[in-house]
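Notes for the one structure printed next.
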Amino acid sequence: MTTDLDQMQTDMLAAIDAASGLDALDAVRVQALGKTGVITTLLKSLGAMTPEERQAKGPAIHGLREAITAAIATRKAALERADLDARLARETIDMTLPAEPALVGSIHPVSQVMDELAEIFADLGFAVATGPEIEDDWHNFSALNIPETHPARAMHDTFYLAGEHERPIVLRTHTSPVQIRTMMTQAPPIRIIAPGRTYRSDSDATHTPMFHQVEGLVIDKGITLGHLKWTLETFLKAFFERDDVVLRLRPSYFPFTEPSAEVDVGFTVQNGKRVIGGGGDTENGGWMEVLGSGMVHPKVIAACGLDPDEWQGFAFGCGIDRLAMLKYGMDDLRPFFDGDLRWMKHYGFSCLDVPTLSAGVGA
Ligand code: PHE
Numbered sequence: 572m573t574t575d576l577d578q579m580q581t582d583m584l585a586a587i588d589a590a591s592g593l594d595a596l597d598a599v600r601v602q603a604l605g606k607t608g609v610i611t612t613l614l615k616s617l618g619a620m621t622p623e624e625r626q627a628k629g630p631a632i633h634g635l636r637e638a639i640t641a642a643i644a645t646r647k648a649a650l651e652r653a654d655l656d657a658r659l660a661r662e663t664i665d666m667t668l669p670a671e672p673a674l675v676g677s678i679h680p681v682s683q684v685m686d687e688l689a690e691i692f693a694d695l696g697f698a699v700a701t702g703p704e705i706e707d708d709w710h711n712f713s714a715l716n717i718p719e720t721h722p723a724r725a726m727h728d729t730f731y732l733a734g735e736h737e738r739p740i741v742l743r744t745h746t747s748p749v750q751i752r753t754m755m756t757q758a759p760p761i762r763i764i765a766p767g768r769t770y771r772s773d774s775d776a777t778h779t780p781m782f783h784q785v786e787g788l789v790i791d792k793g794i795t796l797g798h799l800k801w802t803l804e805t806f807l808k809a810f811f812e813r814d815d816v817v818l819r820l821r822p823s824y825f826p827f828t829e830p831s832a833e834v835d836v837g838f839t840v841q842n843g844k845r846v847i848g849g850g851g852d853t854e855n856g857g858w859m860e861v862l863g864s865g866m867v868h869p870k871v872i873a874a875c876g877l878d879p880d881e882w883q884g885f886a887f888g889c890g891i892d893r894l895a896m897l898k899y900g901m902d903d904l905r906p907f908f909d910g911d912l913r914w915m916k917h918y919g920f921s922c923l924d925v926p927t928l929s930a931g932v933g934a
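To get our numbering, take the position in the sequence shown, counting from 1, and add 571.
The following block contains the structure:
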């Protein structure tokens with residue numbers, strides 16, 4: 572019997588050693604220690620023995636069970652470790668790989684252009700300022716020297732909020748009230764841009780009731796029209812990513828600037844399409860208007876509590892949607908705000924394409 576048990580142990584240990592995987596090992600365990608396993612059967616047979624027999628054989632059978640149980644546990648741990656090592660070797664992560672473009676969303680062209688503007692103007696020392704979209708008519712009109720009789724104040728051009736208010740409440744018709752809010756809360760020198768939503772009672776292929784503008788404002792000592800022109804030229808060259816952008820300043824009128832200038836950029840016609848750069852008064856070129864600008868009117872500076880003899884500045888305002896259309900080639904404004912995913916897929920930007928001056932703002 573003892574020799575039988577010794578032989579059994581030797582065979583079982585060999586089988587355990589030979590088990591090449593966890594499944595094979597478990598098969599050996601079931602054979603030995605399962606419900607009808609060899610060792611289990613031996614243990615059961617103890618019950619039928621006389622006390623003397625049990626005393627004689629019991630320790631050897633229990634010893635066998637313990638030895639086999641321990642050997643299986645050891646082998647199991649070794650196999651699991653080998654399994655883990657193999658997985659670690661197989662599933663290494665290459666940290667140098669670029670992130671997977673699994674991001675399904677895309678950046679709206681308006682947001683992209685706003686980021687490009689912030690990047691360009693930050694480089695020129697401008698901060699980004701914001702103001703409320705629901706404005707009172709003092710900030711939107713009066714402080715900007717827009718007289719009561721100005722057509723912009725009429726109901727058919729401007730959205731007024733219902734109800735009685737000390738100052739009539741409007742959806743801001745331009746970003747220019749941010750000029751007022753900034754001058755009233757910040758001591759000059761001031762250099763800001765203010766991108767944001769604006770509202771007018773207007774709707775066709777190139778006008779939507781809600782649209783986007785960016786305002787620019789500089790207030791300092793000794794500011795001239797030359798500073799305005801250089802800033803706009805630098806901005807437009809950086810934005811369109813072309814050195815051959817040409818500007819034309821056309822005398823114009825805004826109540827809040829004096830003198831005022833409408834700014835046109837030159838385009839050339841290439842394959843029937845207008846491309847920004849060169850052009851102007853050339854044979855296959857022309858001008859298109861991109862923004863309004865001028866030297867801040869002394870009355871506006873005074874309305875904000877500053878002395879116009881001490882402080883001067885320039886301001887400009889520009890349609891962001893229009894800038895996006897010119898740069899990225901959309902010819903209809905309405906789909907900007909339709910929420911059509913096919914349009915977004917076509918014109919949207921990867922959120923990993925963050926505009927930087929070094930990589931080209933509209934990379
Ligand atoms: N606010 C003007 C507009 O909406 C644009 C502008 C801004 C013009 C600043 C001059 C200076 O048309």
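Just so it is clear, CB atoms sit at the ideal spot from N, CA and C, and this is done for glycine as well.
Report all residues from its chain with a CB closer than 8 Å to the CB of residue i; omit the five preceding and five following residues, and keep chain order.
{"i": "I872", "result": "M754, I790, D878, P879, W882, Q883 and G884"}
{"i": "T800", "result": "According to the sequence shown, residue 800 is Lys rather than Thr. Once the five neighbours on either side are set aside, the close Cβ partners of K800 are L818 and L820."}
{"i": "V816", "result": "E804, L807, K808, V836, G837, I847 and G848"}
{"i": "P780", "result": "F730, Y770, R771, S772, D773 and S774"}
{"i": "I794", "result": "M866, Q883, G884 and F885"}
{"i": "A723", "result": "F712, I717, T729 and T744"}
Roughly how far, in whole angstroms, is the beta-carbon of residue i from the beta-carbon of residue j, given that I think they are within contact range, below 8 Å?
{"i": "I678", "j": "F838", "result": "So it is not a contact: roughly 26 Å between Cβ atoms."}
{"i": "V699", "j": "I764", "result": "6 Å"}
{"i": "D708", "j": "P669", "result": "The Cβ separation is near 52 Å, so there is no contact."}
{"i": "L912", "j": "T777", "result": "At roughly 23 Å, the Cβ-Cβ gap does not stay under 8 Å, so L912 and T777 are not in contact."}
{"i": "F825", "j": "L862", "result": "About 11 Å; that fails the 8 Å criterion."}
{"i": "E833", "j": "E804", "result": "Not really, about 15 Å apart at Cβ, beyond 8 Å."}
{"i": "Y770", "j": "T744", "result": "7 Å"}
{"i": "H783", "j": "D686", "result": "The Cβ separation is near 13 Å, so there is no contact."}
{"i": "L807", "j": "V836", "result": "6 Å"}
{"i": "T927", "j": "V867", "result": "Their Cβ separation, rounded to whole angstroms, is 31 Å, which puts T927 and V867 out of contact at 8 Å."}
{"i": "K647", "j": "L576", "result": "That pair is no contact at about 23 Å."}
{"i": "V675", "j": "F907", "result": "With a Cβ gap of about 20 Å, V675 and F907 do not count as contacting."}
{"i": "R658", "j": "E704", "result": "Not a contact, Cβ separation roughly 55 Å."}
Helix, strand or coil for residue i, going by three-state DSSP, please let me know.
{"i": "T621", "result": "coil"}
{"i": "F697", "result": "coil"}
{"i": "Q626", "result": "helix"}
{"i": "W801", "result": "helix"}
{"i": "P766", "result": "strand"}
{"i": "T914", "result": "The question names Thr, but residue 914 is Trp in the sequence shown. The answer is helix: DSSP assigns W914 an H, G or I state."}
{"i": "L923", "result": "coil"}
{"i": "Q883", "result": "strand"}
{"i": "P669", "result": "coil"}
{"i": "A590", "result": "coil"}
{"i": "A874", "result": "helix"}
{"i": "V825", "result": "The sequence shown places Phe at residue 825, rather than the Val named in the question. Looking at F825 - three-state DSSP - the assignment turns out to be strand."}
{"i": "S772", "result": "coil"}
{"i": "M685", "result": "helix"}
{"i": "Q525", "result": "Coverage of the chain is limited to positions 572 through 934, which leaves residue 525 absent and any answer about it impossible."}
{"i": "Q784", "result": "strand"}
{"i": "D815", "result": "coil"}
{"i": "P739", "result": "coil"}
{"i": "G734", "result": "coil"}
{"i": "I717", "result": "coil"}
{"i": "V675", "result": "coil"}
Thinking C-alpha only, which one of the options is nearest residue i?
{"i": "S929", "options": "P760, E690 and G767", "result": "E690"}
{"i": "G865", "options": "R845, P669 and L820", "result": "L820"}
{"i": "T802", "options": "D594, F697 and T607", "result": "F697"}
{"i": "W914", "options": "D924, V925, L923 and D902", "result": "D902"}
{"i": "G931", "options": "L659, D656, P622 and L688", "result": "L688"}
{"i": "L584", "options": "L593, A603, D594 and E624", "result": "A603"}
{"i": "G843", "options": "G857, I794 and T720", "result": "G857"}
{"i": "T756", "options": "R724, A874 and G734", "result": "A874"}
{"i": "K936", "options": "L613, G851 and T640", "result": "Only positions 572 to 934 of the chain appear in this structure, which leaves residue 936 out of reach."}
{"i": "H798", "options": "L695, T663 and D814", "result": "L695"}
Can you name, in chain order, every residue of its own chain whose Cβ lies under 6 Å from the Cβ of residue i, other than the five neighbours on each side?
{"i": "V599", "result": "A586, I587 and A590"}
{"i": "V840", "result": "N855"}
{"i": "V741", "result": "E706, D708, N711, T729 and Y731"}
{"i": "A809", "result": "I691"}
{"i": "I717", "result": "P826"}
{"i": "P748", "result": "G702, E706, H710 and N711"}
{"i": "S831", "result": "S823, Y824, F825 and G865"}
Starting from the C-beta of residue i, find all residues in its chain whose C-beta is less than 7 Å away, skip the five residues before and the five after it, and write them out in chain order.
{"i": "H727", "result": "S772"}
{"i": "A638", "result": "Q580"}
{"i": "L788", "result": "Q750, T753, I761, I763, G884 and A886"}
{"i": "G608", "result": "V601 and Q602"}
{"i": "C889", "result": "Q784, V785, V861 and L862"}
{"i": "T611", "result": "L604 and G605"}
{"i": "K870", "result": "N716"}
So does residue i have its beta carbon nearer than 8 Å to some heavy atom of the ligand COA?
{"i": "Q757", "result": "Ligands present in the displayed structure are limited to the ligand PHE, and the ligand COA is not among them."}
Would you check if the stretch 882 to 897 and the stretch 649 to 668 touch, i.e. whether three or more CB-CB distances between them fall below 8 Å? no
Pairs of beta-carbons, one from the stretch 628 to 638 and one from the stretch 602 to 617, closer than 8 Å: are there three or more? yes
Three CB pairs or more closer than 8 Å across the stretch 846 to 853 and the stretch 729 to 736: no
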